[in-house]
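These protein sequences, in sequence, are chains P and S.
Numbering of the first sequence is given in our numbering, commencing with residue 959 and proceeding in unit increments.
Numbering of the second sequence is given in our numbering, commencing with residue 9 and proceeding in unit increments.
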Amino acid sequence: MRPFAHFAPRSLDEALDIFRREGEGGRPLAGGTDLVVQLKEGGHKFPYPRYLVSLRRLPELKALGWHEDQGLRLGAGLTMAEVASNGWVRQRYPALADGAGLVGSRQTMNMATVGGNVCNAAPSADTAPPLLALEAQARIVGPQGERLLPLEEFWLGPGQTVLRHGELLTEFLLPPPLPRSASLYRRHTPRQQMDIAVVGVAVAVALDDGGRTLKKVRIALGAVAPTPIRARRAEEALEGQAPSPEAIARAAAIAQEEARPISDVRGSAALRRHLVGVMTERLLREAIERARRG
Amino acid sequence: MPKRVITLTVNGETHEVAVEPWWTLLYTVREELGLTGSKEGCGTGDCGACSMLLDGRLVTSCIVLAVEADGCQVTTIEGLAQGGQLHPVQQAFVEKGAVQCGYCIPGMVMAAYDLLRRQPDPTLEEVRLALAGNLCRCTGYTKIYEAVLAAAERMRLEGARG
């Protein structure tokens, strides 16, 4: 690796001060599973940084708390292993436990953070569709104070986010799940582990009190557009409907239309579009079944 | 910028080491502390040959900056054998013929050791998943999985040290 400076602040304020003082050319360092590899490879995806600011010792990024009305606070600095094994996440936001539990090896999961996965802005990030389907908001703190942003508005393109110099993503807020709801995430990969999603799909559904119609449907797709996306027209087509096989198949077909896949080494655009249909249909069925069982 | 002095407690022994910010934990442990059991394979966190425990968590030390490990506890392959006696995982690798060229083995043993602390009675599938981040180009893995399952059984029988 070529030289850079390294700062190890102990608080969020201290980290923000370092970015302010040192100016342009700095990058935040979380788990390092993407950033350090990119530095070793010469930093083709971004200008080689002059300095790194370690987020490892910021207690503000390790927040983790559940509140019945407000939902889950999830620090951006929590590791994939911490997220995947957390009881609240597993019980109330299972799609996120699914996604976090798929990222790389055990070693990767012990290092990589959920905030890093989101800020890296890969269209294939395994925590992104779950967080979208679960309607996560991102708290961003910077020199001009803080703001709360729906995660959907966080990504601008591959590797591109709304974060400006000196701003940090500190935590996610996930609203509490509705009664009679379920969520899950699956990805298609040729290998079971150590692979990157060809397509990733997350769904979250809630049934009405009688269990006869779908009160709420969220569908999020990974690796089929420049950023992770919601399939909003598919969601709207299904909400308020009885979950019949026909209605589910129709929604899956709409999700296919909403996908904007490209062809690359992992799969052709046609394969990806096909997978979106198959996976969305299967996941909706499974989620509805789970929501029924409660 | 001068080197920074960090504190690493490796296999129970505390060291102060002067490091550059861009040195990895693996480089520092091998070249500065002389513990060359951990290997560098890919250098990008994919092959697992450099696996060690950092504050009790299995990591690929080739993509951990040494400065990030300042103040941490590190366990390397050299820390497993006690009193001249191989750890049951190591002993099982020997007995089952799980080692060919040997380059991946320190990482394999560390990943297996980490698994058995979390899950003393794993299924074959759990062993396979736990070792997914450790690549071996010689053995085809079968003997490695057999060794891990045999070690698990022995450790359960002995109620052995973790």
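Yeah, the Cβ is synthetic: ideal placement off N, Cα and C, and Gly gets one too.
Item                                                                                                                                                                               : Value
What are the start and end residues of the alpha helix (DSSP H) that includes P/G1073?                                                                                             : 1072-1077
Once you ignore the five residues that flank P/K1173 on each side, which residues in its own chain have a CB closer than 7 Å to its CB?                                            : L1136, A1164, L1165, D1166
Answer with yes or no whether the minimum CB distance from P/R1064 to chain S is below 8 Å.                                                                                        : yes
Tell me, please, which residues DSSP counts as bridged to P/D1222.                                                                                                                 : P/G1225
What are the start and end residues of the beta strand (DSSP E) that includes S/M60?                                                                                               : 59-62
How big is the Cα-Cα spacing for P/V1061 and P/H1146?                                                                                                                              : 13 Å
When the Cβ atoms of the segment 1094-1109 of chain P are set against those of the segment 1194-1209 of chain P, are three or more pairs found closer than 8 Å?                    : no
Helix, strand or coil: how does DSSP classify P/V1236 here?                                                                                                                        : helix
To which residues of the same chain is S/L16 closer than 7 Å at the C-beta, ignoring the five residues directly before and after it?                                               : H23, V25, A77, C80, V82
For the segment 992-1015 of chain P, enumerate the residues whose C-beta is nearer than 8 Å to any C-beta of chain S, in chain order.                                              : V994, V995, L997, K998, E999, L1010, S1012, R1014
Quick one: what's P/S1141 bridged to in DSSP?                                                                                                                                      : P/A1162
Evaluate contact between the segment 1032-1051 of chain P and the segment 47-59 of chain S, counting only Cβ atoms and requiring at least three cross-stretch pairs below 8 Å.     : no
So with Cβ pairs under 8 Å, would you call P/H1146 a contact of chain S?                                                                                                           : no
Would P/S1221 be called buried (16 or more neighbouring beta carbons within 10 Å of its own) or exposed?                                                                           : exposed
Just to confirm my understanding: we take S/C146, look at its own chain, exclude 5 residues before and 5 after, and list those with CB closer than 7 Å. What are they?             : Q108, C109
Just to check my reading of the structure: P/A1213 and P/V1236 have Cβ atoms closer than 8 Å, yes? What is that Cβ distance to the nearest angstrom?                               : Between P/V1236 and P/A1213 the Cβ distance is about 11 Å, and since that is not below 8 Å, they are no contact.
Residues in the segment 1197-1215 of chain P with C-beta within 9 Å of chain S's C-beta atoms, listed in sequence order?                                                           : none
Of the residues P/R1191, P/V1156, P/R1251, P/R1176, which one's Cα is nearest the Cα of P/H1232?                                                                                   : P/V1156
Whole angstroms is fine: what's the gap from P/D1027's alpha carbon to P/S1139's?                                                                                                  : 16 Å
Contact check, S/I71 vs P/V1041 under 8 Å by CB: the rounded distance?                                                                                                             : About 20 Å; that fails the 8 Å criterion.
For S/P10, name the three-state secondary structure that DSSP assigns.                                                                                                             : coil
Comparing the C-beta of S/V156 with each C-beta of chain P, is any distance below 8 Å?                                                                                             : no
Determine the extent of the alpha helix (DSSP H) in which S/K104 is found, giving its start and end residues.                                                                      : Segment: none, S/K104 is in no alpha helix (DSSP H) and carries neither H nor E.
For P/Q1150, does the count of other Cβ atoms within 10 angstroms reach 16, so buried, or fall short, so exposed?                                                                  : exposed
Would you mind telling me which residues of chain P sit closer than 7 Å to S/S59, beta carbon to beta carbon, in chain order?                                                      : Q1065
Using a Cβ distance threshold of 8 Å, determine whether the segment 1101-1110 of chain P contacts the segment 1065-1073 of chain P, with at least three qualifying pairs required. : no
How would you call S/T117, buried or exposed, if buried means at least 16 neighbouring beta carbons within 10 angstroms?                                                           : Going by the sequence as given, residue 117 of chain S is Val instead of Thr. Burial call: buried.
Is the separation between the beta-carbon of P/A1080 and that of P/P1116 shorter than 8 Å?                                                                                         : yes
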